[in-house]
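Novice: Residue numbers (our numbering): 156 to 421. Where is the CB? At the ideal position from N, CA and C, for every residue including glycine. Note that the coordinates shown come from a computational prediction; the quantities given were computed from them, not determined experimentally.
Encoded structure:
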């Protein structure tokens, strides 16, 4: 039932106003606390993988500057602030560390070049060109040093040492890079069917020498050119190297093929 109360207006009149019934408040239902998912910590496997990458990055940087004999496991440990015993946990010895540094990035650069040369061979069929083959091999690799940051540039400098050090570099080069080089050789043979096989191998010898000197980033060209050229300028190297090397290949191979033909005709 609705209750009523009287209000006096002035001294003589009254107005009856309905009053809402009292509402008994229900006790508030206690709210559940929202459950907050705690971020999961990294697994031991993830921590080990991160530690390993840090060690390999540090070793790659040091080896690229000082060579294999100029770096110790202790040097690498100090660079990343860990105890040397942790280095021995991950690596049997310095040779093992060095080989793992070389092998870590090798599949990436090899895979890119294999894919580029395979694609180029499919596109050109029986008519590849020397410059086209060299661009598939060289430009694809140079792009890594243009786009890949300091880690890839350190790896390139280390590759320059490997290619010029018979004692501790040659076998690693053979084991990791021979197949991709031989794929290039086959493309060049198809591009120059008249060329002697030995001339093609010598041509590659000059190509790899120029490439690994460029990867070493010695600063020599900076000094000679008075700063006009920079050994860090991989864009400039990429713009010139394949065409320059193609010209040398064709000059040698064509000339020697003509000499052989002339000798056979006598």
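1. For a test of the three-state rule: what should DSSP assign to residue 262, helix, strand or coil?
2. With a cut-off of 8 Å, do at least 3 Cβ pairs link the region 389-403 to the region 354-367?
3. Please state whether DSSP places residue 384 in a helix, a strand or coil.
4. Is the shortest distance between the beta-carbon of residue 306 and the beta-carbons of chain D less than 9 Å?
5. Please say whether residue 247 and residue 331 have beta carbons closer to each other than 9 Å?
6. Inspect the CB distances between the region 330-344 and the region 263-283 and report whether three or more fall short of 8 Å.
7. Whole angstroms is fine: what's the gap from residue 207's alpha carbon to residue 238's?
8. Run through DSSP, which three-state label would residue 275 get?
9. Do residue 315 and residue 386 have their C-beta atoms closer together than 9 Å?
10. Using beta-carbon positions only, say whether residue 241 and residue 211 come within less than 9 Å of one another.
11. Give me the Cβ distance between residue 288 and residue 346, rounded to the nearest whole Å; I'm assuming they're in contact under 8 Å.
12. Among 220, 215 and 234, whose alpha-carbon lies nearest the alpha-carbon of residue 261?
13. Taking the CB atoms as reference points, tell me whether residue 401 and residue 286 lie closer together than 9 Å.
14. Could you give the distance in angstroms between the alpha-carbon of residue 416 and the alpha-carbon of residue 351?
15. Counting Cβ pairs, one atom from each stretch, are 3 or more of them under 8 Å apart for the region 304-324 and the region 216-227?
16. Ordered along the chain, which non-local residues of its own chain (more than five positions away) have a Cβ less than 6 Å from that of residue 232?
17. Counting only runs that start and end within the region 315-388, where is the alpha helix (DSSP H) found for 4 or more residues in a row?
18. Work out the CA separation of residue 312 and residue 209 for me, nearest whole Å.
Specialist: Here's the rundown:
1. Secondary structure of residue 262 (DSSP, three-state): helix.
2. Touching, yes.
3. DSSP places residue 384 in coil when its eight states are reduced to three.
4. In the structure shown, chain D does not exist; there is a single protein chain.
5. Their beta carbons are not under 9 Å apart, which means residue 331 does not touch residue 247 by this criterion.
6. The answer is yes - the region 263-283 touches the region 330-344, with three or more Cβ pairs under 8 Å.
7. Cα-Cα distance, rounded: 14 Å.
8. The answer is helix: DSSP assigns residue 275 an H, G or I state.
9. Going by C-beta atoms, residue 315 is not nearer than 9 Å to residue 386.
10. No, they are not a contact pair.
11. Between the beta-carbon of residue 288 and that of residue 346 there is about 6 Å, and that keeps the pair under the 8 Å contact cut.
12. For the residues 220, 215 and 234, the minimum Cα distance to residue 261 belongs to 215.
13. Yes, the Cβ-Cβ distance between residue 401 and residue 286 is below 9 Å.
14. Here the C-alpha atom of residue 416 lies approximately 12 Å from the C-alpha atom of residue 351.
15. As far as the Cβ criterion goes, the region 304-324 touches the region 216-227, which means the pair count is three or higher.
16. Taking C-beta separations shorter than 6 Å and ignoring five residues to either side along the sequence, the partners of residue 232 in its chain run 239 and 242, following chain order.
17. Correct list: 325-346, 352-371 and 375-379.
18. Going by C-alpha positions, residue 209 is about 19 Å away from residue 312.
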